[in-house]
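Line by line, the protein sequences are chains A and B. Numbered as in the working numbering, the first sequence ends at 193 without a single skipped number. Numbered as in the working numbering, the second sequence ends at 534 without a single skipped number. For each residue, glycine too, the CB sits at the ideal point set by N, CA and C. Have a look at the structure below before the remarks.
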Amino acid sequence: MGMGGVTRRQRSNLLGAVSLVAALAGLAFGLPALNHALPSDRPVPTDRPYKIGGGVTVVPPPGSRIDVTETRPADDSGTVLFRLGPVRYLVSVQPYDGTLPAAVARLRQRITGTSGYQVTGTELTVATASGLAGIQGGYSGPGRGGRYAVFVADGRTIEVTVCGDDLDLGRTLPAIDASTGTLRYAPERAG
Amino acid sequence: MTAEPRLRSARSAPVQPGAEPDRGIWRRPAFWIVIAVVLTGAVQMSLIAVRFAKAYPIALITATALFALLAVPFWFIVSELDFLEREPPPLLVLAFTWGALVATAVSIPGSAALDDLMAKLGSPHLAADWGAALAAPTVEEIAKALGVVAIVLVARAQVNSVLDGVVYGAMVGLGFQIIEDIVYAMGAVALAGRGDQVEPVVTTFLLRGLLSGVWSHTLFGALAGAGIGYLVVRADRTPRNRLGVAMLGVLGAWASHVLWNSPLLRDGLGNGAVALLAVLMLKGLPPLLLIWLLVRSAHDREADYYTAQLATLDDPELVTAAELEALRSGSRRASARWHARVRAGLRARAAVRRLQRAQARLAVEISRGTPDLSRRCQEVRRHRRMLVKLGHPEAVVPAGKGPWRRTASAAFSTALAIAVLWAAVSTLGGG
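Following this line, the structure appears as structure tokens:
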């Protein structure tokens, strides 16, 4: 029976539509809220190599924790995000069949493609303890600075990006540099 | 003359003729709420589009053009599924828009959050292996199924058979598929790090448009839509049964999506185009066959119902017994058009199509109990006169297997589709 010009059918229609919006809100806001409510960092042993994926390992810097939301190991690729307080130390391994300069140009383009970010200073040649040759440079963005390095090894590119504010970077970069120096490509042999 | 009591449609009663869409739709609160939700989704997706347009304008235009072109044949096929009782275009547009703007806007944060939750509650390894297979299908299939629910809330009278649910579900899926493909293409451009280049767009088009397009969201959406269509039209069944079938439809869509995204057979069955095609078939064919059988069954049931309505007229100028037979299936309707073309030329083919459409509209009007059928009858008679003038008075299927040209055309189309698939696989490095 209608009430104040609103019919029973309109009321049930409204109820259905409100339930629909609630279900959408659950997906769009409920899941992210639940995700934010749970911690994303985990302790990680810093005295042994960590398997990033694609046959690449690195010894994490002392005091770092791993962020599981941006860490995805796989057979032919992988990404790991270490956090040292507010500093992000990201290592990404991807299949790649180009040269080192092209790989560096690709990462530089991605950095400068983000609004407000630019590459600073000159690039340096670096090498890891295992003999991987790479190129390293710096960049800056709104309120934060960073460091990038790229290595190429046997059909893989290893990209390292570090970012944080200048004070935190100054404090943690020596440990991160030491960690980057432990990058090793050692593909597991089948059989 | 009355309808036979043992018709498939009579046994399962899947067809509930609805009224012509009218302005009553505006008086439904759901209409305005759904419009508000669509506008919110449009704002969200526009923000993403603006970001892409600033960074990679040429790539964005290319991706939009390529995937919009891909949408055309899909739209045509989906809207033709229900030839006899066609869905109102504004509702088809609403379904497409829901998939393109609402389901995508909801799925981007929802899927990412669920993927993260898998890493947090399980492990990064679990998320890396099964995140794409479980998180995305869970959020996306629910968001798309809600699109069919939205159509039911806005225009319940237009969902009057399981096939209608299939059509709306497929349209929601198509909208989602097209926008998701564009977003993926732009992601590939950004990842390539070579600036505003179209090459990653073309690769994404080959991979997601041509190789994965057939067994993608349009298919999953159709499966979920069938379940919701059953829930709506089977008023004769218990609520538990109807809800169970609806859940089964959505679960089927989810399972098909999980199978497609799963890491199973990720390393393939070896190297080369044949191995890659075999994996595509193994993962994509089961849901494709399932939905094909479902559509065929739903279509035949609906055709039974509407041809029974036409049979009550008992007027050979409106519809003959042979034409009723031709109207019962899509392939027979197409055969009748080919037959007309072979016998009397292209104009006769077009005239048969118009006659079939007019007969379908008349059947729907009869099913609605419209007291004055004169306008629809005149429409049919007008097309009949045209056919008589062209020397092909009856839209019938020829005896035997049908015109050889149609068989040859079907064989050519299949060969062309396989060649395109093969070329795409080879271009992507499978050959």
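- For residue 295 of chain B, the closest alpha carbon among the candidates A:124, A:97 and A:141 is that of A:97.
- About 14 Å separates the Cβ atoms of residue 42 of chain A and residue 81 of chain A, ruling out a contact at the 8 Å cut-off.
- DSSP lists A:81 and A:161 as the beta-bridge partner residues of residue 94 of chain A.
- Residue 73 of chain A and residue 221 of chain B have their C-alpha atoms spaced approximately 12 Å apart.
- Looking at B:488, B:383, B:271 and B:341, the one whose alpha-carbon comes closest to that of residue 193 of chain B is B:271.
- Under the 8 Å Cβ criterion, the stretch 277-297 of chain B does not count as touching the stretch 359-367 of chain B, having fewer than three qualifying pairs.
- Between residue 477 of chain B and residue 412 of chain B, the beta carbon gap of about 17 Å keeps them out of contact (Cβ cut-off 8 Å).
- By the criterion of at least three beta-carbon pairs nearer than 8 Å, the stretch 210-220 of chain B is in contact with the stretch 232-243 of chain B.
- Shown here, residue 142 of chain A sits in a strand according to DSSP, grouped into three states.
- The beta-bridge partner set that DSSP reports for residue 126 of chain A consists of A:138.
- For residue 132 of chain B, the chain A residues whose C-beta falls within less than 8 Å of its own C-beta are 12, 15, 16 and 19, listed in chain order.
- Between residue 329 of chain B and residue 250 of chain B, the gap from beta carbon to beta carbon reaches 7 Å or more.
- Among the CB atoms of chain A, none fall inside 7 Å of the CB of residue 312 of chain B.
- Chain-ordered, the chain A residues with CB closer than 8 Å to the CB of residue 228 of chain B read 75.
- Boundaries around residue 52 of chain A are those of the beta strand (DSSP E), 52-55, since no alpha helix (DSSP H) includes it.
- Where residue 143 of chain B is concerned, the enclosing alpha helix (DSSP H) starts and stops at 132-158.
- With contacts defined as CB atoms closer than 7 Å, residue 324 of chain B and residue 381 of chain B fail to qualify as a contacting pair.
- Put simply, the CB of residue 219 of chain B is near chain A, with a gap under 7 Å to one of its CB atoms.
- A straight-line Cα-Cα distance of about 41 Å links residue 342 of chain B and residue 151 of chain B.
- Close to chain A, meaning a Cβ-Cβ distance shorter than 7 Å, are the following residues of the stretch 229-261 of chain B: 230, 231, 242, 245, 246, 249, 252, 253 and 256.
- For residue 209 of chain B, a Cβ of chain A is located within less than 7 Å of the residue's own Cβ.
- The beta carbon of residue 169 of chain A does not come within 7 Å of any beta carbon belonging to chain B, so the residue lies off that interface.
- Sequence-distant Cβ neighbours of residue 129 of chain A in its own chain, meaning closer than 6 Å and more than five residues away, are 135.
- At a cut-off of 7 Å between C-beta atoms, residue 112 of chain A counts as an interface residue with respect to chain B.
- For residue 74 of chain A, the beta-bridge partners assigned by DSSP are A:81.
- If you compare the alpha carbons of B:298, B:499, B:455 and B:483 with that of residue 428 of chain B, the shortest gap goes to B:499.
- Put simply, of B:128, B:255 and B:185 the residue whose alpha carbon is nearest the alpha carbon of residue 400 of chain B is B:185.
- In this structure the stretch 151-162 of chain A touches the stretch 95-114 of chain A; the number of beta carbon pairs closer than 8 Å is three or more.
- Distances from the CA of residue 355 of chain B to each of B:339, B:320, B:340 and B:147 were compared; the closest alpha carbon is that of B:320.
- Listed in chain order, the positions of the stretch 97-109 of chain A with a beta carbon within less than 8 Å of a beta carbon of chain B are 107, 108 and 109.
- From the beta-carbon of residue 42 of chain A, the residues of chain B found nearer than 9 Å are 219, 222 and 223.
- At a Cβ-Cβ threshold of 7 Å, residue 456 of chain B and residue 493 of chain B do not count as neighbours.
- Rounded to whole angstroms, the separation of the alpha carbons of residue 66 of chain A and residue 49 of chain A is 11 Å.
- From the listed residues A:30, A:23, A:24 and A:15, the smallest Cα separation to residue 130 of chain B is found for A:15.
- Between the alpha carbons of residue 424 of chain B and residue 302 of chain B lies a distance of about 56 Å.
- Per DSSP, the continuous alpha helix (DSSP H) segment holding residue 331 of chain B begins and ends at 320-336.
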